[in-house]
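Report on one structure; see the data block that follows.
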Amino acid sequence: MHKCNKYDISTEYLMMEVNMYADITQQIIKKIEDGCPPWLRPYNKFGGGLPLRHNGVPYRGMNIIMLWMCDHDNPYWMTYNQAQQLGGQVKKGQKSPTKVFHFGTAKDKDKEDRFYSYAKAYSVFNASQITGLPSHYYPKQELYINADKPVASIDKQLADIPAKVVEVDGCTPCYRPATDEVNMPPWSDFVDGLAYYSTKIHELVHWTGHESRLDRLGLKNKKGYAFEELVAEMGASFMMAQLGLEPTARDDHAQYISSWLKALNNDVKYVFEAAKVAQQAVELLNSHTAEDVAIA
Numbered sequence: 051m052h053k054c055n056k057y058d059i060s061t062e063y064l065m066m067e068v069n070m071y072a073d074i075t076q077q078i079i080k081k082i083e084d085g086c087p088p089w090l091r092p093y094n095k096f097g098g099g100l101p102l103r104h105n106g107v108p109y110r111g112m113n114i115i116m117l118w119m120c121d122h123d124n125p126y127w128m129t130y131n132q133a134q135q136l137g138g139q140v141k142k143g144q145k146s147p148t149k150v151f152h153f154g155t156a157k158d159k160d161k162e163d164r165f166y167s168y169a170k171a172y173s174v175f176n177a178s179q180i181t182g183l184p185s186h187y188y189p190k191q192e193l194y195i196n197a198d199k200p201v202a203s204i205d206k207q208l209a210d211i212p213a214k215v216v217e218v219d220g221c222t223p224c225y226r227p228a229t230d231e232v233n234m235p236p237w238s239d240f241v242d243g244l245a246y247y248s249t250k251i252h253e254l255v256h257w258t259g260h261e262s263r264l265d266r267l268g269l270k271n272k273k274g275y276a277f278e279e280l281v282a283e284m285g286a287s288f289m290m291a292q293l294g295l296e297p298t299a300r301d302d303h304a305q306y307i308s309s310w311l312k313a314l315n316n317d318v319k320y321v322f323e324a325a326k327v328a329q330q331a332v333e334l335l336n337s338h339t340a341e342d343v344a345i346a
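Using the working numbering, the letters of the sequence shown correspond one by one to residues 51 to 346.
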């Protein structure tokens, strides 16, 4: 792990950080080119589908994507030291499959009103790579919720979000900023329940970008509409997994792939920023639900 001294942001450190972003971005580019964007990968899931820290708190934003890419069914992740503190031991020959990140700011030692952004990387192990942990770190496998029919508990949580959702027969699902409303076809127009819920949550993520909420219009103008679509797609995947539903691609997903690949090749922080903004959107949606589920 490389820690930055908050009073010494060196050129060497900044280069390490750029290389870190570039390496992860290349991994994601390959996943997309292979037809398997990491935020949509089907997986056997536990605990709501989100990867969990050693203390049971779900990971956030880009860390969710990084851990999903590792292909482990067990939801729990921890550092080597955390495993030992819990009485566990990493199995002989096992290596950390990825790193998780903590993003923060450091004050300039000469200019107190100036701050630098930084990232710390921590190597983590999946609980399946560790022996001797308390039994709850090895949970029984859970399946996705069957959404062949409307799921009352999920419908209740989505209804608690104070968005104006208008059901229109035969319409194209969309969020309309001018009227600040979501237009949705009825359930019967969708091929299955997963498509319905994924689409509705996708549009609700767009709804969070209104100027009276997270105000993403300026960001969309700067980054382009494909960025906002990536935010909505990631946000929908995070929330679908949280609700116990399998993240599902929308029908219009394919038309944005070339734009995403171009942006990823030009900006190593593009996907990190999209994941961060998607996380903010999901947290706003969660703040309105009865259960107020926080992804932290």
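Built from N, CA and C at the ideal position, the CB exists for glycine as well.
- In this structure residue 235 touches residue 223 by the C-beta definition: roughly 6 angstroms separates them, less than 8 angstroms.
- DSSP, read as helix, strand or coil, puts residue 168 in strand.
- By the 16-neighbour rule on beta-carbons within 10 angstroms, residue 126 is buried.
- For the pair of segments examined, the region 214 to 228 was found not to touch the region 179 to 197: the number of CB pairs separated by less than 8 angstroms stays below three.
- In the DSSP assignment, residue 102 forms a beta bridge with 108, 126.
- Measuring C-alpha to C-alpha distances from residue 174 to each of 317, 247, 196, 149 identifies 149 as the nearest.
- Residue 293 holds the alpha-carbon nearest to the alpha-carbon of residue 206 among 114, 300, 293.
- Residue pairing from DSSP places residue 226 in a beta bridge opposite 231.
- In this structure the region 295 to 305 does not lie against the region 132 to 145, because fewer than three pairs of beta carbons, one per stretch, are closer than 8 angstroms.
- In this structure, the alpha-carbon of residue 252 lies about 5 angstroms from that of residue 282.
- Between residue 274 and residue 153, the alpha-carbon positions lie close to 25 angstroms from each other.
- Here residue 184 has 136, 137 as same chain residues with Cβ atoms under 8 angstroms from its own Cβ, once five neighbours each way along the sequence are excluded.
- Secondary structure at residue 248: helix, using DSSP grouped into helix, strand and coil.
- Burial of residue 336 is indicated by the presence of at least 16 other C-beta atoms within 10 angstroms of its C-beta.
- Counted as a single uninterrupted DSSP element, the alpha helix (DSSP H) harbouring residue 312 occupies residues 307 to 316.
- Between residue 90 and residue 287, the C-beta spacing is below 8 angstroms.
- Sequence-distant Cβ neighbours of residue 106 in its own chain, meaning closer than 7 angstroms and more than five residues away, do not exist here.
- Relative to residue 272, the option among 233, 320, 243, 197 whose CA is nearest is 320.
- Residue 249 is classed as buried because its beta carbon has at least 16 other beta carbons within 10 Å across all chains shown.
- Assignment of residue 262 by DSSP, reduced to helix, strand and coil, places it in the coil class.
- If you draw a straight line from the Cα of residue 210 to the Cα of residue 216, it comes to about 15 angstroms.
- For residue 74, the closest alpha carbon among the candidates 113, 103, 86, 104 is that of 113.
- Taking the Cα of residue 246 as reference, the smallest distance to any Cα among 191, 295, 141, 330 is reached at 295.
- By the neighbour-count definition (other C-beta atoms within 10 Å, threshold 16), residue 243 is a buried residue.
- Residue range 320 to 338 is occupied by the alpha helix (DSSP H) that includes residue 338.
- Take the alpha-carbon of residue 110 and the one of residue 339: they are about 18 angstroms apart.
- Taking all protein chains in view, the Cβ of residue 122 is crowded by 16 or more other Cβ atoms within 10 Å, so the residue is classified as buried.
- Of the residues assessed, residue 229 falls on the exposed side of the cut-off, its CB having fewer than 16 other CB atoms within 10 angstroms.
- Straight-line measurement puts the Cα of residue 195 at about 21 angstroms from the Cα of residue 255.
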